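In what follows, a single structure is set out as structure tokens and then discussed.
In full-length UniProt numbering, the protein residues as written are 1 to 376.
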């Protein structure tokens, strides 16, 4: 079985949850004997493949070209939309805009038109985006996404809420299956890790440095925690700075990191070394304005680190093993951190450890491949 996984333009050069999902799913599928290639070029020849697996529906237009090409050659299409709730995205744009979003929210009320506007700006810096973005000006991004969904033989969602959101937003019937994301093999072994940071019981936040990840409000919440308890707790951020797309936000973040000596920022840590970063933290915080699942918190729980999350989609994964906050409320973030910092470290059950792995996700994905290819 030969499969091509197709992702957004620039995927392989940037970090992100979609990259983690594609690379780990591909890695585990190869162990099952599936030949997998990863492509981010809308002009790639896909005729040698048995099946096309497209990743990400939101914001981008290249997925329409992937689906159209696969449909033309009669290739079955599996879609992993990694879809975010549009009301949460719009709330973020309306209430917490930085950089280009400041302008787009005044120019357009419709979220899909805002996304086209942002893609036009990105196309200036990446000419590969010009063609798909130009088509979105004619067809409309929402209509392009609707057609991608219509052409897909199976839609693999991460949560049941994601499926409901897609059906409500696009008014389409889809054949969907829930395939939970997971953690890699490095998180499954009870290893004695080296404390590479030389810190203990710190507060951790993992993810790209950008407005929707909400690092500035997290800093304010931790500052409040430090003042209340006279506690010299350290705050550690791990994530790439998206300076080009998020110049204003990153500038504010840099000033705060320079001002407060209790903040440490690490641009990049290899996936293999992340367990040690989680292990010595007391709390991992994800106060994002919108997420699909909150994968970093799942990784934290596997390392017996307490978790603070935002949004009902994360709750579908984490349940009572995390505290939840409102991303637009510093007091809410503070209270969730406060609760988890003084709580016992979590010990998640064996069924949760078995369910949420990339190995398990790949096995379920493989069964879907066989289903759409009509292989017994």
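Note that the Cβ used here is the ideal one computed from N, Cα and C, for glycine as well. All values reported here derive from a predicted model rather than from experimental measurement.
Practice problem: In the DSSP assignment, find the beta strand (DSSP E) that holds residue 332 and state where it starts and stops. | Solution: Not the beta strand (DSSP E): residue 332 falls in the alpha helix (DSSP H), residues 330-341.
Practice problem: Report yes if the CB atom of residue 256 is closer than 9 Å to the CB atom of residue 263, and no otherwise. | Solution: Yes, the Cβ-Cβ distance between residue 256 and residue 263 is below 9 Å.
Self-check item: Proximity winner among 17, 223, 96, 163, relative to residue 327 (alpha-carbon distances)
Solution: Looking at the Cα atoms, 96 is the closest of the given residues.
Quiz item: Who are the near neighbours of residue 234 in its chain, counting only those whose CB is closer than 6 Å to its CB and skipping five residues on each side?
Solution: 199, 202, 262
Quiz prompt | Collapsed DSSP secondary structure at residue 145 in the structure displayed | solution = helix
Quiz item: Is the segment 278-291 touching the segment 203-215, taking contact as three or more C-beta pairs under 8 Å?
Solution: yes
Quiz item: Near residue 47, which residues of its chain fall below 6 Å by C-beta distance, leaving aside the five closest residues on each side in sequence?
Solution: 73
Practice problem: Write down the C-beta distance between residue 240 and residue 268 rounded to the nearest angstrom, noting that I regard them as a contact closer than 8 Å. | Solution: 6 Å
Quiz item: If you follow the alpha helix (DSSP H) that residue 37 is part of, which residue opens it and which one closes it?
Solution: It is not in any alpha helix (DSSP H) - residue 37 instead sits in the beta strand (DSSP E) that spans 35-39.
Quiz prompt | Per-residue DSSP class, three states only, for residue 127 | solution = helix
Practice problem: Work out the CA separation of residue 125 and residue 51 for me, nearest whole Å. | Solution: 32 Å
Exercise. Can you grab the Cα-Cα spacing for the pair residue 150 / residue 61, in whole Å?
Key: Going by C-alpha positions, residue 150 is about 15 Å away from residue 61.
Self-check item: Own chain partners of residue 69 with C-beta closer than 7 Å, once the 5 adjacent residues on each side are dropped
Solution: 46
Quiz item: Using a Cβ-Cβ distance under 9 Å, would residue 53 count as near chain D?
Solution: The structure shown contains no chain D; it holds only a single protein chain.
Practice problem: Output yes or no for whether 9 Å exceeds the beta carbon distance between residue 360 and residue 184. | Solution: No. Outside cutoff.
Quiz item: Which residues does DSSP pair with residue 323 in a beta bridge?
Solution: 308
Quiz item: Do residue 156 and residue 79 have their CB atoms nearer than 9 Å?
Solution: yes
Quiz item: Does DSSP classify residue 55 as helix, strand or coil?
Solution: strand
Quiz item: What does residue 362 pair with, by DSSP beta-bridge criteria?
Solution: The partner list for residue 362 (beta bridge, DSSP) is empty, contrary to what the question assumes.
Exercise. For residue 367, count neighbouring C-beta atoms within 10 Å of its own C-beta (all shown protein chains included) and say buried if the count is 16 or more, exposed if not.
Key: Only exposed fits residue 367, as fewer than 16 other CB atoms lie within 10 angstroms of its CB.
Quiz item: residue 263 lies in the beta strand (DSSP E); which residues open and close that run?
Solution: 263-266
Exercise. Could you tell me if residue 28 is buried or exposed, where buried requires 16 or more neighbouring beta carbons within 10 angstroms of its beta carbon?
Key: By the neighbour-count criterion, in which a residue is buried when 16 or more other Cβ atoms sit within 10 angstroms of its Cβ, residue 28 is buried.
Exercise. Please determine if the segment 306-314 and the segment 158-176 are in contact, where contact requires at least 3 C-beta pairs separated by less than 8 Å.
Key: yes
Quiz item: Which of helix, strand or coil does DSSP assign to residue 1?
Solution: coil
Exercise. Spatial neighbours of residue 210 within its chain, please: CB distance less than 8 Å, with the 5 preceding and 5 following residues excluded, ordered by chain position.
Key: 242, 245, 246, 249, 250
Self-check item: Identity of the residues DSSP links to residue 237 by a beta bridge
Solution: 205, 265
Practice problem: Kindly identify the DSSP beta-bridge partner or partners of residue 154. | Solution: Beta-bridge pairing links residue 154 to 78.
Practice problem: Keeping to the same chain, check which residues put their C-beta closer than 6 Å to that of residue 364; ignore five residues upstream and five downstream. | Solution: Excluding sequence neighbours, residue 364 sits near 179.
Quiz prompt | Helix, strand or coil at residue 292 according to DSSP, with G and I counted as helix | solution = coil
Exercise. Classify residue 107 as buried or exposed, calling it buried when 16 or more other Cβ atoms lie within 10 Å of its own Cβ.
Key: Taking every protein chain shown into account, the CB of residue 107 has fewer than 16 other CB atoms within 10 angstroms, so this residue is exposed.
Quiz prompt | Within 9 Å, strictly: CB atoms of residue 292 and residue 138 | solution = no
Quiz item: In this structure, does DSSP put residue 111 in helix, strand or coil?
Solution: Residue 111 carries a helical assignment under DSSP once its states are collapsed to helix, strand and coil.
Practice problem: Indicate the three-state DSSP secondary structure (helix, strand or coil) for residue 6 in the structure shown. | Solution: strand
Practice problem: Tell me where the beta strand (DSSP E) around residue 285 begins and ends. | Solution: 281-285
Exercise. Let me know the secondary structure DSSP gives residue 25 once reduced to three states.
Key: helix
Exercise. Taking residue 345 and residue 304 to be in contact with their CB atoms under 8 Å, please state how far apart those CB atoms are, rounded to whole angstroms.
Key: That pair is a contact at about 5 Å.
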